[in-house]
Every structure is written in C-alpha cells, then in structure tokens.
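Numbering (the working numbering), first residue to last: 634 to 733.
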C-alpha cells in the first residue's frame, strides 16, 4: 500500500438510487472534492482540500487527511450510515460523548 492510501476507505452515499462510493486514497478524495459544486464550498470543504493537498506534498499523513475528508462527508451528510459509528471495541459511552 502506498503512503497516500487510506487504511479504511471512506464510504460516500449520495442518496437512494445511487451506489455507495468508496474513496480509498488521498488522490481519490482530491478528485471528489474538486468536483464538489463551487456554491457549496465552505470552511469544512476548504479544510479537507488543504489537508489532502498537504498529504500529497508529504506534509501530512494520509490518515490525517482522511479524518478531514470524513469530517467533510459527515457535515455534508454524504457519509454512509455504516461509517457513522466507530468500529471495534468502542464503548457506547465514548460514542455518546462525541455527540454531545
């Protein structure tokens, strides 16, 4: 696996009738972000774009860029429901604490 691939793909769900997309690298996240409508680009979008650019230039890890991209997907309600909760051994106390 090269340094720009995510350990776990980000699953994007555009809505009913659309297939779930998996974004599994910084370069795929950049392509997705660059296609995002100009009128809907806000500070969370810009943060995700900047983090992906930093990862591509070696100034940030792919996993840090992934976190920013997941934040963008969550805010824009594109994050697939299967990814909404953390996986593996996380107690529900921690999950609820994150939502408060």
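Beta carbons are placed, not taken as given, at the ideal position from N, Cα and C, and that holds for glycine. Computed from a predicted structure; not experimentally measured.
Inset, instruction - For residue 661, count neighbouring Cβ atoms within 10 angstroms of its own Cβ and tell me buried if that reaches 16, exposed if not. - result: The residue in question, residue 661, is buried, as its Cβ has 16 or more Cβ neighbours within 10 Å.
Inset, instruction - Could you pull out every unbroken alpha helix (DSSP H) segment of at least 4 residues lying fully inside the region 647-705, listed in chain order? - result: Runs found: 659-667 and 676-689.
Legend entry - Where the beta strand (DSSP E) through residue 641 begins and ends: It spans 638-645 - the beta strand (DSSP E) in which residue 641 sits, taken as one unbroken run.
Legend entry - Stretch-stretch touch, CB-based, cutoff 8 Å, three pairs: the region 693-711 with the region 668-681: Counting C-beta pairs closer than 8 Å gives three or more between the region 693-711 and the region 668-681, which meets the contact rule.
Inset, instruction - Mind checking who residue 712 pairs with in its DSSP beta bridge? - result: DSSP, once it has assigned bridges, lists 645 as partnering residue 712.
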